[in-house]
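J.: Quick note, the sequence shown lines up with residues -22 to -1, 1 to 461 if you use mature numbering (1 follows the signal peptide of the UniProt record, and there is no 0).
Even glycine gets a Cβ: it sits at the ideal position worked out from N, Cα and C.
Keep in mind the model is a prediction, meaning the values are calculated, not measured.
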Amino acid sequence: MRICSTFLLVLWVSTLCNNVDGVPSDATVRKARCYANCLTQNAATNETEKPCQTSACKECLIPCGTYFSDKETCIQSCKNASSCEKSCEFLTQLQNFSSILDGDGSIPPTPGIPTVTNKTITSISLRWDPVQNASGIPVQNMSGTAVYLIEVTFTGEKSIYSPSFRSEVFVTTQATLKFEHPCFYIQTQIRYVYEDILYRFKVAVLTENSSISYGPQTAQITLSKPDPVTNVTLDSLIYDVASSSDKIKLTVSWVPSNEQKDLISMFGMMWSMNSTCSKYALPRAHDTSGPQTTASMHVWHESRKCVHTLQIYSIIGCSVSDPTEIKYTYPGCQKITDYPANECYKFDPPYAPLEDRMVSNIRLDGQMTAQPDYRFQVTVTWDQPVYPYKNVERYLIQWFKENGMGRSGFTFTGFAATSNNGQQLSNLLPGTTYRIKIRPMFVDGFPMSGWTYANFTTPACNCLIDGICCEECDNEIPPPISE
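(1) Which residue from LYS379, ASP361, ALA34 and ASP343 puts its Cα closest to that of PRO408?
(2) The alpha helix (DSSP H) with ASN320 in it runs from where to where?
(3) Tell me whether the beta-carbon of PHE263 lies closer than 8 angstroms to the beta-carbon of MET247.
(4) Report back the beta-carbon spacing between SER292 and PRO206 to the nearest angstrom; my notes put them in contact at under 8 angstroms.
(5) Assign ASN24 to one of three DSSP states: helix, strand, or coil.
(6) Can you name, in chain order, every residue of its own chain whose Cβ lies under 6 angstroms from the Cβ of PHE46, other than the five neighbours on each side?
(7) Assuming TYR126 is part of the beta strand (DSSP E), what are its boundary residues?
(8) Can you tell me where the beta strand (DSSP E) with ASN433 in it begins and where it stops?
(9) Can you give, in chain order, each stretch of the beta strand (DSSP E) that sits fully within the stretch 379 to 426 and has at least 3 residues?
(10) Could you have a look at ILE290 and say whether DSSP puts it in helix, strand or coil?
(11) Under the rule that 16 or more other beta-carbon atoms within 10 Å means buried, what is TRP278, buried or exposed?
(12) With a cut-off of 8 angstroms, do at least 3 Cβ pairs link the stretch 350 to 359 to the stretch 315 to 324?
(13) Quick check on DSSP: helix, strand or coil for PHE157?
(14) Would you call the stretch 62 to 78 and the stretch 201 to 219 in contact, with 3 or more CB pairs under 8 angstroms?
(15) Mind reading off the beta-carbon distance from SER297 to THR100? Whole number of angstroms is fine, and I expect it under 8 angstroms.
(16) Would you kindly check if the distance between the Cβ of ARG11 and the Cβ of GLU146 is under 8 angstroms?
(17) Hey, which unbroken runs of the beta strand (DSSP E) at 3 residues or more fall wholly within the stretch 326 to 379?
(18) Report yes or no: do the stretch 384 to 391 and the stretch 334 to 349 share at least 3 C-beta pairs separated by less than 8 angstroms?
(19) Excluding the 5 residues preceding and the 5 following PHE393 in the sequence, name in chain order all residues of the same chain whose CB lies nearer than 6 angstroms to its CB.
(20) Following the continuous alpha helix (DSSP H) through GLN71, name the residue where it begins and the one where it ends.
(21) Taking 7 angstroms as the limit between beta carbons, can you name the residues of its chain near THR32, skipping five residues before and five after?
(22) I need the straight-line Cα distance from TYR306 to SER299, nearest angstrom please.
(23) Identify which residue in ASN399, GLY382, ASP326 and TYR365 has its Cα closest to the Cα of PHE424.
(24) Looking at the secondary structure, which residues open and close the alpha helix (DSSP H) in which LYS227 lies?
(25) In angstroms, rounded to a whole number, what distance separates the CA positions of PRO204 and ILE294?
(26) Please go through the same chain and pick out, in chain order, the residues whose beta-carbon is closer than 6 angstroms to the beta-carbon of ARG335, but skip the five residues on each side of it.
(27) Do LEU406 and THR436 count as a contact pair if the criterion is CB distance below 8 angstroms?
(28) Under 8 angstroms Cβ to Cβ from TRP(-11), same chain only, skipping five residues before and after it: list those, please.
Following this line, the structure appears as structure tokens:
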């Protein structure tokens, strides 16, 4: 859908009103028909004369790219130039067409496929054969004068606007298309690649009255690449508390190509982490606002010590250089200027030997207590880790029963978690060896720790005498103990 005010008087606005489905806008077609009419009314006197070189022809073109609400307004803009006034008459007659695109319904022969005659960092020059008949032979005599429009299909971040027709009208079978702005690059933090934009071109032909005929499309074409930058230097890494998301502010500088430094539109910066990093984030990208050679970008702040990669791209118009890449070792948050220790220690606390991060001295807290069913309960305690930088959030506890009947090893028996350095175990069989494993879990999950093991054996118990488990029972028959 096009949303174009009928009162827009500026020619370049027609570019914004282009359809995006491969059909030129009404404004562009109206302009093209006006051009064709001026060429017909002011034909060149010989084959060597360039089209529309006379003052009369140039005056005829004056109203072609502008919308006027009525003929009188158009004529007033002509300032008594007769050829201009004739254009106003012609533009008024165009309103008689039921469709400005279809014209009188006649279909001109198909134009040839464009070929590239030259390309630079910012432009592509095309040439094509004149309109051809079904046998591919150029047509010399047509009703009216042929003019040409060019459709551009492209890839990139704004390819949703592709294909689209340029607003320029070409009166010969050649054209130079300029791409002088950072056209399809938008500032965005998450980007995966800086790619060349791939173009395809197609020529459409029409006369002042005919319908539009579309030629074949070219293969993919890219602009010439700019020279890459040199001497990329990482200047600083600091913690930026004011940033709302990524908080590591990375500042880097580079040297652009001396021959092209005045042509640079902007630079692209791409940051990424080695995939083997223990904590990983998606790549980050940043486009500079101009050709400055020092720039900052914000990158992920929860990385531990790891190898990071930074790539710098020169961007001239729509053309992207090959990257210049540096790798550096990110030192970890503890060595970043102004990084708050309490935030840093959440995911990357200071190093300590594993034994400092484990519990120690697992032991029984008091005597084993016999239950009425001849089983035991006991409280196990331990010394907390000596690691000084983080608190333990909870302890994971597992216990296992030694296998009997000549089988080696232990069988899992129970699991618990506690925030204290003590845990009661119950329903322990008499005369049985148990293994207990304890592992601390620090706040935020860091640092990592390991399991500490200890074994203990419950007393044999054949009977209870005055509440005490005894092996000698004076021939008393004990009750059965089931597992």
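T.: In this structure, then:
(1) LYS379
(2) 319 to 325
(3) In the sequence as presented, Phe is not what sits at residue 263; that position holds Ala. The answer is yes: Cβ separation under 8 angstroms.
(4) 6 angstroms
(5) coil
(6) CYS52
(7) 125 to 132
(8) Secondary structure note for ASN433: its beta strand (DSSP E) is the uninterrupted segment 430 to 435.
(9) 388 to 396, 400 to 406 and 411 to 420
(10) Under the three-state reduction of DSSP output, ILE290 falls in the strand class.
(11) buried
(12) no
(13) Coil, per DSSP.
(14) no
(15) 7 angstroms
(16) no
(17) Correct list: 338 to 342 and 354 to 361.
(18) no
(19) GLN376
(20) 60 to 71
(21) ASN20
(22) 22 angstroms
(23) ASP326
(24) Per DSSP, LYS227 is not a residue of any alpha helix (DSSP H); the beta strand (DSSP E) it occupies stretches across 226 to 233.
(25) Taking the straight line from one Cα to the other gives about 7 angstroms.
(26) PRO363, TYR365, PRO425 and SER427
(27) yes
(28) Only weak support exists for where TRP(-11) lies, its pLDDT of 30 falling under 50; the coordinates are left without a value.
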